[in-house]
Every structure is written in structure tokens, then in C-alpha cells.
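Take a look at the structure below.
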Amino acid sequence: MSFLVLVPTKRVPDTDGVIRVTPDGLDVDTSHLSFVINPFDAIAVEEALRLRERREDVEVVVVGIGDEAYEDELRTALAMGADRAIRVDAAEPLDPWNVACVLSELARRLEPRLILMGKQAVDDDSAQTGQFLAAKLGWPQATFASRIDDSENGAEVARETDHGIETLSVTWPAVITADLRLNEPRYASLPGILAARGKPIQEMSLQELGIEIQPRVELVGLQQVASQRTVRQVETVTELLECLRENTELF
0 MSFLVLVPTK
10 RVPDTDGVIR
20 VTPDGLDVDT
30 SHLSFVINPF
40 DAIAVEEALR
50 LRERREDVEV
60 VVVGIGDEAY
70 EDELRTALAM
80 GADRAIRVDA
90 AEPLDPWNVA
100 CVLSELARRL
110 EPRLILMGKQ
120 AVDDDSAQTG
130 QFLAAKLGWP
140 QATFASRIDD
150 SENGAEVARE
160 TDHGIETLSV
170 TWPAVITADL
180 RLNEPRYASL
190 PGILAARGKP
200 IQEMSLQELG
210 IEIQPRVELV
220 GLQQVASQRT
230 VRQVETVTEL
240 LECLRENTEL
250 F
């Protein structure tokens, strides 16, 4: 029996893009934006691939929840080296609770030993899905992982906190969320990109999974915040100290 690692991924706007709010104030105008795999999820994919390099029995399966546009990011993960990809069709973005509901049902069917995902998505920074998912499955969790030392029965996970480095011990199956310091994702090779084009992406529907979406979050509006930062250039340390004394409200 293979050691299956399930890696949820999300399609997000490139952070280099300029964000604009739609005229109705209820969404982000994505017509001019380019999209990428969520950077934290790319780190999770990389860590799953490194785990496969250490263990011969590992299979890496990536999953995305969204419309057909998500397949571009799934193929990015395939080009990096993932074994299989699944897209759960969803016409609208789901809140973290409903994403966790979908992933928990998928986990019950696939029976992964490890669910490895980014700690958060850079578009909404919720950082909730991994925790919800572990709670729904009743699995141990280790969040914000900066190092993972796996063993036959589980893993020791280091996480950086404001008070230092914590080390957690979890047994399989488990949910682990990846922090930026965990690794540096590899670039997809040209042979990997070409091979990913020919790999099928399995499609599943919410109905097939028996999921009825029940939104827990209502978006009431978005507002563009204009930058009001001003820059003052100083020439000497004395001038810098004086500037800091004059602006104590910044601290």
C-alpha cells in the first residue's frame, strides 16, 4: 500500500499584480491579473516531492477546487513532479469551512496518510482551512511548519513562533501546513512541463462527493485603500533620532 500524500492547492493572483475592486464593490477585478499556484501551496508540493525522494512508497496527489482555470496551476504541480491531479469543480470560490468539508470527504475516499498544504493563501490570508480540516477528520495537526522530520509512524515538526521554535510530534495520518521557511520550491523542468501537458486531470463534482455548500461567510463589500505613506529622507543619525522622537505614534 502506497503512502499517499494529498496536497490541496489554490489558484491566486500573482502578488506583483495591481489589485482593483470591481465597480459594485463586491469583488476583485481579475481581468488584468495573471494567476499562479499559491506560494505556500507550492512549498507544500515541494515538501511532498522531497518526502517521495526519501521514501519509495510515496504517491503525491494534488487537488484544486474551482473551475477549469484551476487546471493551469494543477499542471504546474504536475510539472514539478506530482503523480496525479484532481479538480473538484466549483463555480464560485468557497470559504475555508466549505473547502475543509470538500477536502475531508475527498480524504475519506483516498485515505491519504498525510495532507500537506500551505498555511494560508496569499489572496485572503485566512489560515483556517488546515485547522478546520484536521478537526473534521479528527487527525493530529501541525501548523506553520518550518521543518518536517518524517519517520515510519509519524513526524516531528518544527514551527517558528514569537517565543521561539516549537517542536511537535504527530502520528499518521496527520494534517501539516507549510510555512515559507520550510523549503524553496523547485522550478519545473522542460521535460516535466511537456509531460504534465499529457497527464489527465481527474474531475469530480460536489454532487459526486455528496457535498452541499453552506456558506459561513458573507462578503458585504470591498474597499480600495489608498496608500498614504510618505517618505522622508534623512542625512544623519541625529536627524533620524529627531524624526523618531517627533513620530512616536508610529510605535
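Position one of the sequence shown corresponds to residue 0 (numbering that gives the first Met the number 0), numbered consecutively onward. Built from N, CA and C at the ideal position, the CB exists for glycine as well.
Item	Value
Quickly, what does DSSP pair phenylalanine 34 with across the bridge? List them, please.	Pro12
Using CA coordinates, which residue listed in Arg19, Glu45, Asp26 is at the minimum distance from alanine 185?	Checking the sequence, you will find arginine at residue 185 rather than alanine. When each option's Cα is compared against that of arginine 185, the closest is Glu45.
Does DSSP classify aspartate 26 as helix, strand or coil?	coil
Looking at the secondary structure, which residues open and close the beta strand (DSSP E) in which serine 204 lies?	201 to 204
Report the residue ranges of all beta strand (DSSP E) runs contained in full by the region 54 to 119; include only those spanning at least 3 residues, in chain order.	57 to 65, 83 to 88, 113 to 117
Would you check if the distance between the CB atom of arginine 255 and the CB atom of glutamate 159 is smaller than 8 Å?	Not covered by the structure: residue 255. The range shown for the chain is 0 to 250.
In chain order, what residues of the same chain have a beta carbon less than 8 Å from the beta carbon of aspartate 66, not counting five sequence neighbours either side?	Asp88, Ala89, Ala90
Helix, strand or coil for arginine 51? Go by DSSP, reduced to three states.	helix
Do alanine 76 and threonine 8 have their CB atoms nearer than 8 Å?	yes
What is the DSSP secondary structure of threonine 128, counted as helix, strand or coil?	helix
Could you give the first and the last residue of the continuous beta strand (DSSP E) run that contains leucine 167?	163 to 170
Based on the DSSP secondary-structure assignment, which residues constitute the bridge partners of threonine 176?	Met116
Closer than 7 Å by C-beta to proline 111: which residues in its own chain qualify, once you throw out the five before and the five after it? Chain order, please.	Leu3, Val4, Leu5, Pro172
Using a threshold of 8 Å, state whether the C-beta atoms of valine 35 and valine 27 are closer than that.	no
Would you list the residues sitting across from leucine 3 in a DSSP beta bridge?	Glu58
Within 10 angstroms of its Cβ, does glutamate 151 collect 16 or more other Cβ (buried), or is it exposed?	exposed
Nearest-angstrom Cα distance between arginine 196 and serine 188?	13 Å
Run the CB neighbour count on valine 156, radius 10 Å, all protein chains shown included, and call it buried at 16 or more, exposed below.	buried
Taking one C-beta from the region 78 to 85 and one from the region 209 to 216 each time, how about it: are there three or more such pairs within less than 8 Å?	no
Along the chain, where does the beta strand (DSSP E) that runs through arginine 146 open and close?	140 to 149
Rounded to the nearest angstrom, what separates alanine 120 and proline 92 at their Cα positions?	13 Å
With burial defined as no fewer than 16 other Cβ atoms inside 10 Å of the residue's Cβ, what is the status of arginine 53: buried or exposed?	exposed
So what's threonine 247 in DSSP terms, helix, strand or just coil?	helix
CB of arginine 49 to nearest heavy atom of the ligand ZN: below 7 Å?	Annotation note on the ligand ZN: not contained in the displayed structure, which lists no ligands.
Spatial neighbours of isoleucine 114 within its chain, please: C-beta separation below 6 Å, excluding the five flanking residues on both sides.	Leu5, Val174
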